[in-house]
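Same order as they appear, the protein sequences are chains A and B. Residue numbering for the first sequence follows our numbering, starting at 7 and increasing by one per position. Residue numbering for the second sequence follows our numbering, starting at 7 and increasing by one per position. Every residue, glycine too, gets a C-beta built ideally from N, C-alpha and C. Values in this document were obtained by computation on a predicted structure and should not be read as measured data.
Protein chains: 2
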Amino acid sequence: MADKFISERNLKFLLYEVFDVVSLTQYPYYEAHNRKVFDMVLKAAVKLAKSLLRPVFAEMDQNQPDLIDGEIKVHPSIRKIMKEFGEGGWITSTLPFEKDGEQLPHLIAGACSFIFQAANYSAVAYQGLTAGAAHLIESFGSKDLYDIYTPKMHAGKWQGTMALTEPEAGSSLSDITTMAEPTDRGYYMIKGQKIFISAGDHDGVENVVHLMLAKIKGAPPGVKGISLFVVPKKRFDPDGKLIFNDVIASGVYHKLGYRGCPTAQLSIGDHNDCRGWLVGEPHHGLMYMFQMINESRIGVGLGANAIATAAYYASIEYAKTRCQGRKISQKDPTLPPVALIEHADIKRMLLFQRAITEGALSLLMQCSRYVDMQNVLAGEEREKYHLLLEILTPVAKTYPSEMGVLSVSQGLQCFGGSGYCDDYPMEHYYRDARIHPIHEGTTGIQGMDLLGRKVVMKNGQAFALFLAELKETISAAKQFPELDGPAQQLSEARSKLQKITQHLLKIAQAKGVELFMADATLYLELFGIIAISWQWLLQGISIQKALNNSYAKTDINYYRGKMFTMHFFFRYELPKILGLEKRLMDSDGLTIEMEAQFFND
Amino acid sequence: MADKFISERNLKFLLYEVFDVVSLTQYPYYEAHNRKVFDMVLKAAVKLAKSLLRPVFAEMDQNQPDLIDGEIKVHPSIRKIMKEFGEGGWITSTLPFEKDGEQLPHLIAGACSFIFQAANYSAVAYQGLTAGAAHLIESFGSKDLYDIYTPKMHAGKWQGTMALTEPEAGSSLSDITTMAEPTDRGYYMIKGQKIFISAGDHDGVENVVHLMLAKIKGAPPGVKGISLFVVPKKRFDPDGKLIFNDVIASGVYHKLGYRGCPTAQLSIGDHNDCRGWLVGEPHHGLMYMFQMINESRIGVGLGANAIATAAYYASIEYAKTRCQGRKISQKDPTLPPVALIEHADIKRMLLFQRAITEGALSLLMQCSRYVDMQNVLAGEEREKYHLLLEILTPVAKTYPSEMGVLSVSQGLQCFGGSGYCDDYPMEHYYRDARIHPIHEGTTGIQGMDLLGRKVVMKNGQAFALFLAELKETISAAKQFPELDGPAQQLSEARSKLQKITQHLLKIAQAKGVELFMADATLYLELFGIIAISWQWLLQGISIQKALNNSYAKTDINYYRGKMFTMHFFFRYELPKILGLEKRLMDSDGLTIEMEAQFFND
């Protein structure tokens, strides 16, 4: 088992050098913290990841959850993990002090999540979902709901879920049919079916609290009739005893990967005895849920990137120790073989992985920084960061997910045949990675969200803010002659993005929304490559600063490697926008005109 | 379980309309055949695939081979499959009549293999390996070896293998250490270790015949000292009884996919009692083995494409039956949901799969046709087809393998969450597909083979022949105004390929072989995209001919769908060469200059 799954060095580079998390402590909300605190938190996260999560990484995969006697049995370590995450304050790390949280910046909390997910993705999905579900109650629920549910959830004793998908309503949430019938006793009677519910039931906790979308009887059709409910697996009886609330785990999926966390089918109200409590106002459920959906989307990007990162370090280790063949210019068979890492093509695959994972991590931290800025600012400034987050969420979800799959695949390839076998963790990472382009909104859904909603929102304000961020980074980079080439390249890419977007908006006006949106997924791909180029240039500035000034001598290899990786991204990845540009400027409607019947035979 | 795994309609289009297999019957070697015979053979293959192979597709995956009491136990149906393939003449289908073969064109035999592999890839690997191994004995072995081994192998009673890889010699075969010590009794004593041997041991046959690379004591170092041996698991004793030949299955791998076929570790000569028989001349082993390696490489391409094809039909079926959401222009939630296949983005994913799989199948059939032309021609004409095969082998191996993985992944994506679960076959295809960029020479090895060997061989003659083939197709396409755009695009792509190749050859002269070869994998990627564009244009000619002339009325949707798919390739896939061109013209040596130590931290 590969030992290294993240680089603390790189995390600190991003946190302290690129995103200057310490500067947040100048704001009253974060003033209780300092660099020392942050370092301690990171250290504790690494320790927990190594001692608690990593040892059961393979084991949890090999022992899939099973539905036994109506309850899903999970790996026994889950109970301990939930407990330690609860007691250690990891579930509440970003909550304000007044709510018993640690009031940590999202930059730090995100870095910790990343460490945990890299160690064992499935194992920490439980607590991530619990934190998100509790946050929903906290944001939109009544004080009663808050008092009953969140303490147990924050303590890791009760599991939280997001219960959205139904057999006939996956990507299309407007079609959900789970019904909520009002009573005069303060709750609703819930009835329906839910599928694909992560951690939807298990024996590692005392109770499961579903944040569930349903329609109140007589509600308007579509998304405008969706309400949000708290629907626990067990509810309190009048004596304060937990009793069954008619939520049954009716099945558990057998999945390609992500096997340590059960994905459940739920039958709700089969015996007409399921009670649910409305969160906030009726019919506003989807809007509320989008808080958790958006958090989860960035969380999925982070998880995808964590898996790809762990895979990257495993392939580095293998490439350094496994010897095979000789350099192309040295074909003498009597020479000893060289380590894989000496071959240019292997270095290309390793650089690809590093460019993807460290580039995507930077974008994800950028998003965390925007969240933190939202927390400390108000008014127009706050709105700016909100809009930047809006436009970057589909990108931060998709780029790490789609490219993470390819990155892990290149890592597996470095192992040759061994990568295909379970003697090494690569095939496991490869299976785990594949869920991310699917869950929390498929890549297709993200493409539509970006182009159809975020780019055009508020008269293109979010898009303009994004372009301004790029421009600022380009200007900053131009102070350093070493970054001139990449800065120029990003500037050209930025112009292309503007040009393509303008072109598509004209198509929307002239030819309608179907043609405008036909290649939205490819637009998202283009957008993602440019966003990561931006993040690499941003990192490049910090790298160059370090190289120009003083740095610890032991760090020279780190900085030089980072600089090579930045150049790799600009030379190998950014050119991919040329093909995408060609396609996106065509707008010939080919996929619209292709009829279903032409797929016959 | 999806029922359709191939399209007979499309196979017949390629065989009869594009590659005109019937025209081969004008040559004496194939004169015994006619269209009717070919149709019957195809029909029999489909029947066998459906009745024998398909029913155990999932079952063989779920019950991995295990090593029990020194022998690898495989699914019980393997014995039956081997027997039926032997008795049905499928193992000998391309052998001449005089060797009890069917003397079928490779075009037809390849189509049958494709059908079998699409039905159940793992299940037919056994017989494919047996055919290749027997062919090696037939081509280079003595009459004695031929008489002892091939009848049993052709009958499917004995398994054949290619035993190359060792613990310290995978991609670098020059480093093998398995030793062969001559005796004065006509055989050699063999001692060594082999790993990753497909079907290297199992209980579905009476014996296993390894075509094994080893070094004769005192042989020169490197590939020039490698010899080829027949090393059976069991040998005949003087009484004609099969006895143990000291070849032990010491392990079996647990793999991501391709689980129906065991991948074995072998210990040879542990008790100093393993006898091997030299094939051909000493030290010529690798050259001989390359016959089987080259056949296998094209076979891997075909298998990869077969898996991706089966996945494509599964996703078509799902997209036609699963309803979800509404068209982008019709957001009224009271309208009934539409089938997935009505969404442009889903059609894009389906067209991607179809463009990849039908394009790659065409290239593989093109290769089969070259083999057939070699068989019927002599002298310079024969050499022409030989060279074309040489240059196309790394492409025919890699394009279907690398793009097959992406194609299956897009198919899985069409299923959403269901694609990630084992209720549908997509996750199985996804796992099976991933082996192909690895076995029979990784993609990196193929890139080096193409650029470092094939492009430059015989003064660039093979490359020139390839360019001439493209030119011929472009000229033929220009007869049809409807094909003008794609013909023009291919013509430009062809010029780019020439320009990039010239540039790289100049780099080789001016700056050496390391820089020349640094991005060989990307050169292969570029070459592959252009080769498939060529094949789509070639298909386009036949499609347009059919549309211009008469076709069965029921076929109109087929031809129109094909035409859309051709355009899809030119508009979505071919533009990818723009980014590759940018990269390949740079030749900045970035991956060479990146030092191993820069990967620290």
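According to the neighbour-count rule (16 or more other Cβ atoms, all chains shown, within 10 Å of its Cβ), is residue i buried or exposed?
i                : result
aspartate 490/B  : exposed
arginine 60/A    : buried
leucine 528/A    : buried
glycine 422/B    : buried
leucine 474/A    : Here the sequence assigns alanine to residue 474/A, which means leucine is not the residue at that position. Alanine 474/A comes out exposed.
alanine 499/B    : buried
arginine 4/A     : Here chain A has residues from 7 to 607 only, and residue 4/A is not among them.
threonine 507/B  : buried
isoleucine 535/B : buried
arginine 41/A    : exposed
methionine 7/A   : The predicted model places methionine 7/A with a pLDDT of 49, which falls under 50 and marks its position as unreliable, so this point remains unresolved.
proline 342/B    : exposed
Considering only the alpha carbon of each residue, which of the options lies closest to residue i?
i               : options                                   : result
aspartate 351/B : Ile12/A, Pro227/A and Ala602/A            : Ala602/A
leucine 20/B    : Ala140/B, Leu369/B and Phe576/B           : Leu369/B
serine 128/A    : Gly309/A, Ile201/A, Gly147/A and Pro173/A : Gly309/A
glutamate 624/B : Ala220/B, Ile203/B, Met159/B and Ile182/B : Nothing about residue 624/B can be read from this structure; chain B reaches only from 7 to 607.
alanine 320/B   : Met218/A, Phe25/A, Asn606/A and Lys326/A  : Asn606/A
glycine 305/B   : Lys42/B, Ala514/B, Pro406/B and Leu179/B  : Pro406/B
glutamate 386/B : Leu457/B, Pro157/B, Leu471/B and Tyr155/B : Leu471/B
tyrosine 294/B  : Gly107/B, Glu77/B, Ser233/B and Gly466/B  : Ser233/B
isoleucine 12/A : Phe533/A, Cys267/A and Ala314/A           : Ala314/A
glutamine 452/B : Leu142/B, Gly257/B and Ala526/B           : Ala526/B
alanine 255/B   : Gly198/B, Gly224/B, Tyr35/B and Leu262/B  : Gly198/B
glutamine 32/A  : Asp106/A, Asn69/A and Leu383/A            : Leu383/A
DSSP three-state label for residue i, please.
i                   : result
valine 211/B        : coil
cysteine 280/B      : coil
lysine 484/B        : coil
lysine 10/B         : coil
leucine 234/B       : strand
isoleucine 84/A     : helix
valine 382/B        : helix
proline 431/B       : coil
phenylalanine 122/A : helix
glutamine 109/B     : coil
leucine 262/B       : coil
serine 145/B        : helix
(request) Kindly confirm or deny that the stretch 168–175 of chain A and the stretch 295–306 of chain A touch, where touching means at least three C-beta pairs closer than 8 Å. (result) Yes, since at least three Cβ pairs between the stretch 168–175 of chain A and the stretch 295–306 of chain A fall closer than 8 Å, the two stretches touch.
(request) Could you run through the stretch 238–271 of chain A and flag, in chain order, every residue whose CB is less than 9 Å away from some CB of chain B? (result) Answer set for the stretch 238–271 of chain A: Tyr259, His260, Lys261, Leu262, Gly263, Tyr264 and Thr269.
(message) Residues of the stretch 433–445 of chain A in Cβ contact with chain B at a cutoff of 8 Å, in chain order, please.
(response) Listed by position along the chain: Glu433, Tyr436, Arg437, Arg440, Ile441, Pro443, Ile444 and His445.
(request) State whether the stretch 543–555 of chain A contacts the stretch 473–489 of chain A, with contact taken as three or more CB pairs (one from each stretch) at a distance under 8 Å. (result) Touching, yes, given that three or more Cβ pairs across the two stretches are closer than 8 Å.
(request) Could you tell me whether the stretch 130–149 of chain B touches the stretch 85–105 of chain B, using the rule of 3 or more Cβ pairs below 8 Å? (result) Yes: at least three Cβ pairs fall under 8 Å.
(message) If the cut-off is 8 Å on Cβ atoms, which residues from the stretch 501–525 of chain A count as contacting chain B, listed in chain order?
(response) So the list reads Gly518, Val519, Glu520, Met523, Ala524 and Asp525, given in the order they occur along the chain.
(request) Take every Cβ of the stretch 402–412 of chain A, pair it with every Cβ of the stretch 269–287 of chain A, and state whether three or more of those distances are shorter than 8 Å. (result) Taking 8 Å as the limit for Cβ pairs, the verdict is that the stretch 269–287 of chain A does not touch the stretch 402–412 of chain A.
(message) Three or more C-beta pairs under 8 Å: does that hold for the stretch 431–442 of chain A against the stretch 63–79 of chain A?
(response) With the cut-off at 8 Å, the stretch 431–442 of chain A and the stretch 63–79 of chain A touch.
(request) Kindly confirm or deny that the stretch 342–358 of chain B and the stretch 569–584 of chain B touch, where touching means at least three C-beta pairs closer than 8 Å. (result) Yes, the stretch 342–358 of chain B touches the stretch 569–584 of chain B.
(request) Check distances from the C-beta atoms of the stretch 350–381 of chain A to those of chain B and list, in chain order, the residues that come in under 9 Å. (result) Residues Ala350, Asp351, Ile352, Lys353, Arg354, Met355, Leu356, Leu357 and Arg360.
(request) Tell me, please, whether the stretch 113–122 of chain B touches the stretch 177–187 of chain B by the rule of three or more beta-carbon pairs shorter than 8 Å. (result) No, the stretch 113–122 of chain B does not touch the stretch 177–187 of chain B.
(message) Using 8 Å as the cut-off, can you tell me whether the stretch 550–567 of chain A makes contact with the stretch 437–448 of chain A, which would need three or more C-beta pairs spanning the two stretches below that distance?
(response) With the cut-off at 8 Å, the stretch 550–567 of chain A and the stretch 437–448 of chain A do not touch.
(request) Examine the Cβ distances between the stretch 94–104 of chain A and the stretch 238–258 of chain A and report whether three or more of them are shorter than 8 Å. (result) As far as the Cβ criterion goes, the stretch 94–104 of chain A does not touch the stretch 238–258 of chain A, which means the pair count is below three.
(message) Short of 8 Å Cβ to Cβ, which residues in the stretch 277–295 of chain A face chain B?
(response) Per Cβ criterion, the list is empty.
(message) By the 9 Å beta-carbon criterion, what residues does the stretch 178–199 of chain A contribute toward chain B?
(response) Hits within the stretch, in order: Ser178, Ser180 and Asp181.
(request) Give, in chain order, every residue of the stretch 553–582 of chain A whose Cβ lies closer than 7 Å to some Cβ of chain B. (result) Residues Asn563, Tyr564, Arg566, Gly567, Phe570, His573, Phe574, Arg577, Tyr578, Pro581 and Lys582.
(request) Output, in sequence order along the chain, the residues in the stretch 291–323 of chain B whose CB is closer than 8 Å to any CB in chain A. (result) Against chain A - using a Cβ distance shorter than 8 Å - the residues of the stretch 291–323 of chain B are Ile322.
(request) Taking a Cβ distance cut-off of 8 Å, strictly less, list which residues of the stretch 83–106 of chain A are near chain B, in chain order. (result) Listed in sequence order: no entries.
(message) To be precise: take each residue of the stretch 119–141 of chain A, compare its Cβ to all Cβ atoms of chain B, and keep it if any distance is under 7 Å. Which residues remain?
(response) Using a CB distance below 7 Å, no part of the stretch 119–141 of chain A faces chain B.
(request) Give the residues from the stretch 208–232 of chain A that approach chain B closer than 9 Å (Cβ to any Cβ), ordered along the chain. (result) Contact residues of the stretch 208–232 of chain A toward chain B are Pro226, Pro227, Gly228, Val229, Lys230 and Gly231 (C-beta to C-beta distance below 9 Å).
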